[in-house]
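If you count by the numbering used here, then the sequence shown holds residues -5 to 263, one letter each, in order.
Glycine included, every Cβ here is placed at the ideal spot set by N, Cα and C.
The next block holds one structure in the form of structure tokens; read it before the comments.
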Amino acid sequence: MTALTARAVTVEVAGGRRLLEAVSVSLPAGRLTGIIGPNGAGKSTLLRVLAGVTEPAAGTLAHAGRPLPRPGSRARARLIGFLPQGHAVHWPLTVRRTVALGRLPHLHAWQSRLGPADEAAVAAALDRTSTAALADATVETLSGGERARVMLARVLVTETPVLLADEPAAALDPRHQLAVMGLLREEAHRAGRAVAVVLHDLSLAARYCDDLILLAEGRVLAAGVAAAALASPALEEAYGVRFARSRVDGAAVVTPLEPHAPPPLAAAQ
């Protein structure tokens, strides 16, 4: 079942420049969808539109065929969990309290503290992201990779049917990259959530994603099952690079070989 859809979404900025041009995508429940493409393709913009952070100039969004609740509402926050880039934390909170903030949309107005089910969800999210040992540390004292995992725990604890993550593996070492991508795939396959992630690492996309959306210059060049999208000539078209595809220990590997033409900076030199 398709959980979240965007139809003919267009995003404009000052001067009339379009970051997205009539983009239509679907995020199926129970599948991990990767959003890939070169720098400036519109990947993060698309994710922010789906999360309700960026308002499109045109287009519609729906969940299970129904219009989404208004952005910023508790109903929207119970529906879509969003992990942006940057992992900014503005208060010197402990890791446990930071993760617990993800439960706020589920609390009633009369509740002043988390209930047993909320506390259990926080503990489970800390355990699954290997941050339980950091629970009493303040977030500002953590490394970039530790903070990234804490913020992932915060979005996991929302238990929303849709989970959106912008480059969740970017600040992580290889071991934790694999662990995080495996966790996100598990959220899709076992919990039945519609999970979408922006990725730059095409081999991670090939190994973990069920489906891929390939963007370039604000448009969708390819969308569908991951293996087909990565085999498409549109991949070379989007990145301007020739790729080699192979398998290592049963996992797909996508390796950039050389650009089709010198990049603009090299040409200028």
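query = What residues in its chain sit with their C-beta under 6 Å from that of Thr(-4), if we drop five residues either side in the sequence?
reply = Cβ neighbours of Thr(-4) beyond the five flanking positions: Ser20, Pro22.
key: For Pro177, the first and last residue of its enclosing alpha helix (DSSP H)   = Checking the sequence, you will find Leu at residue 177 rather than Pro. Counted as a single uninterrupted DSSP element, the alpha helix (DSSP H) harbouring Leu177 occupies residues 168 to 183.
inquiry  = Could you compute how far the alpha carbon of Thr135 sits from the alpha carbon of Leu41?
reply    = Distance between the alpha carbons of Thr135 and Leu41 is about 29 Å.
task = Under 8 Å by Cβ, that's how I've got Gly266 and Gly24 pegged, so tell me the actual separation to the nearest angstrom.
result = Any question about residue 266 goes unanswered here, given that the chain covers just -5 to 263.
message = Looking at the secondary structure, which residues open and close the alpha helix (DSSP H) in which Ser38 lies?
response = Residues 37 to 45.
message = Below 8 Å, how does it come out for the segment 237 to 257 and the segment 209 to 217: are there three or more Cβ pairs, yes or no?
response = Contact between the segment 237 to 257 and the segment 209 to 217 is absent, because fewer than three Cβ pairs lie under 8 Å.
message = DSSP three-state label for Ala261, please.
response = Because Ala261 sits at a pLDDT of 45, beneath the cut-off of 50, its placement in the model cannot be relied upon, and the following sentence gives the value as read from the coordinates. Ala261 carries a helical assignment under DSSP once its states are collapsed to helix, strand and coil.
ask   = Opposite Gly24 in the DSSP bridges: which residues?
value = None, per the DSSP bridge assignment.
inquiry  = Within 10 Å of its beta-carbon, does Glu49 have 16 or more other beta-carbons around it, so buried, or fewer, so exposed?
reply    = By the neighbour-count definition (other C-beta atoms within 10 Å, threshold 16), Glu49 is an exposed residue.
request  = Return the CA-CA distance between Ala199 and Ala246, expressed in angstroms with no decimal places.
outcome  = Computed Cα separation, rounded: 9 Å.
message = For a test of the three-state rule: what should DSSP assign to Thr249, helix, strand or coil?
response = In the three-state DSSP reduction, Thr249 falls in the strand class (E or B).
key: Own chain residues within Cβ distance below 8 Å of Arg143, not counting five before or after   = If we look at Arg143 and ignore the five residues flanking it on each side, its Cβ neighbours are Thr123, Ser124, Thr125, Leu166, His170, Val174.
key: Unbroken beta strand (DSSP E) run spanning Ser197, endpoints   = Note, Ser197: premise wrong, no beta strand (DSSP E); alpha helix (DSSP H) at 196 to 202.
ask   = Can you tell which of Asp121, Ala225, Ala0 has its C-alpha closest to the C-alpha of Arg60?
value = Ranked by Cα distance from Arg60, the options Asp121, Ala225, Ala0 are led by Ala0.
task = Give every residue of the same chain whose Cβ lies closer than 7 Å to the Cβ of Gly96, excluding the five residues on either side of it in the sequence, and list them in chain order.
result = If we look at Gly96 and ignore the five residues flanking it on each side, its Cβ neighbours are Arg148, Val149, Val151, Thr152.
task = Note down the Cα distance separating Thr27 from Val189, rounded to an integer number of angstroms.
result = Approximately 6 Å, taken between the alpha carbons.
inquiry  = Taking a contact to mean a Cβ-Cβ separation below 8 Å, would you say Leu157 touches Ile30 in this structure?
reply    = Inclusion of Leu157 and Ile30 in the CB contact set at 8 Å is not warranted, their separation being larger than that value.
Backbone CA spacing between Thr54 and Asp130 [nearest angstrom] = Rounded to the nearest whole angstrom, the CA to CA distance from Thr54 to Asp130 is 42 Å.
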